[in-house]
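J.: Below are the structure tokens for one structure; questions will follow.
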Amino acid sequence: MFRLVISDIKAKQRLYSQYGASCSFFRALLTDGTSANVLYRLQEWLSGLGLAPLALLPHTLNKWFNGCVIGVKARFGEGFVLIHPVGVVINSSVRGGREVWIESGVVIGDNRGRSPELGHGVFVGSGAKIIGGVRIEDGARVGANAVVTKDVGRGVTVVGIPARPVHEGARAP
Ligand SMILES: CC(C)(COP(=O)(O)OP(=O)(O)OC[C@H]1O[C@@H](n2cnc3c(N)ncnc32)[C@H](O)[C@@H]1OP(=O)(O)O)[C@@H](O)C(=O)NCCC(=O)NCCS
């Protein structure tokens with residue numbers, strides 16, 4: 397669990413460093429979203445040990461203190477970043493790869509009993525909704541407020557409602 401928390405904070409360091417100024421580990425630790433990341437990793441660890449009822453404690457604290465609801469069985473690889481956790485809702489069946497970065501108000505949820513799967517290096521912009529059994533491939537970016545109901549290809553950036561590609565082969569976030 398600690399290894400994953402460290403990887404998440406280091407990923408946040410990389411994210412903030414992209415905006416110009418370098419960001420120390422300590423500074424990344426103090427940015428908002430870190431407590432949500434830690435609570436998420438704690439619930440994931442407890443649920444992985446088969447202690448789902450106990451995992452509801454960090455789950456509930458995350459809801460109360462960060463306005464962030466992540467199902468106890470949702471799984472993300474290392475470098476998962478909740479940039480601003482407020483309004484984030486993620487279904488328990490969602491699976492994400494490494495370096496998935498999520499802005500505020502993002503919903504990744506079930507539709508007709510199926511949930512999204514996200515690859516590695518996926519960025520999801522503020523307010524975006526990804527619903528149903530769609531696959532978001534490695535390096536894809538979902539623009540702010542987009543509604544994604546179809547698969548998004550590798551490295552593709554999508555925007556709008558319904559989401560449509562703006563760049564083919566765009567860079568990872
Ligand atoms: C989708 C996104 C990643 C694309 O960034 P980019 O590759 O630099 O794309 P550009 O800014 O060159 O925009 C490309 C086109 O898409 C449009 N576009 C960009 N983002 C859009 C969005 N969220 N919704 C609708 N259209 C969008 C632009 O207007 C532009 O259209 P044009 O070609 O007709 O002029 C970015 O615009 C975005 O939405 N980021 C989310 C940021 C965020 O959540 N911030 C919250 C901080 S708290």
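No gaps in the numbering here: position 40 of the sequence shown is 436 in our numbering, and each next residue is one more. By construction, the Cβ of each residue, glycine as well, lies at the ideal position given by its N, Cα and C atoms. Just so you know, these numbers come straight off a predicted model, no measurement behind them.
Quick check on Asn433: does DSSP put it in helix, strand or coil?
T.: helix
J.: Distance check for Leu442 and Val555, CA to CA, integer angstroms please.
T.: 36 Å
J.: Where in the region 435-503 do unbroken runs of the alpha helix (DSSP H), each at least 4 residues long, occur, reported from the N-terminal end onward?
T.: 448-462
J.: Can you give me the start and stop residues for the alpha helix (DSSP H) that Ile557 sits inside?
T.: No alpha helix (DSSP H) holds Ile557; DSSP gives it neither H nor E.
J.: Compute every distance between the C-beta of Thr545 and the non-hydrogen atoms of ligand 1, then say whether any falls below 6 Å.
T.: no
J.: Could you name the residues of the same chain whose beta carbon sits closer than 8 Å to that of Ser500, not counting the 5 residues immediately before and after it, in chain order?
T.: Ile479, His480, Pro481, Val482, Gly483, Val484, Ser522 and Gly523
J.: Taking the beta carbon of Ala417 as the centre, do at least 16 other beta carbons fall within 10 Å, making it buried, or is it exposed?
T.: exposed
J.: Can you find the residues in the same chain that come closer than 6 Å, C-beta to C-beta, to Arg491, ignoring five residues on each side of it along the sequence?
T.: Excluding its 5 nearest sequence neighbours in each direction, Arg491 has C-beta neighbours in its own chain below 6 Å: Arg471 and Glu513, listed in chain order.
J.: To which residues does DSSP link Lys525 through a beta bridge?
T.: Val503 and Val543
J.: Name the DSSP bridge partner or partners of Phe519?
T.: Trp497 and Arg537
J.: With Tyr412 as the anchor, note down where its alpha helix (DSSP H) starts and where it stops.
T.: Phe398 to Ser413
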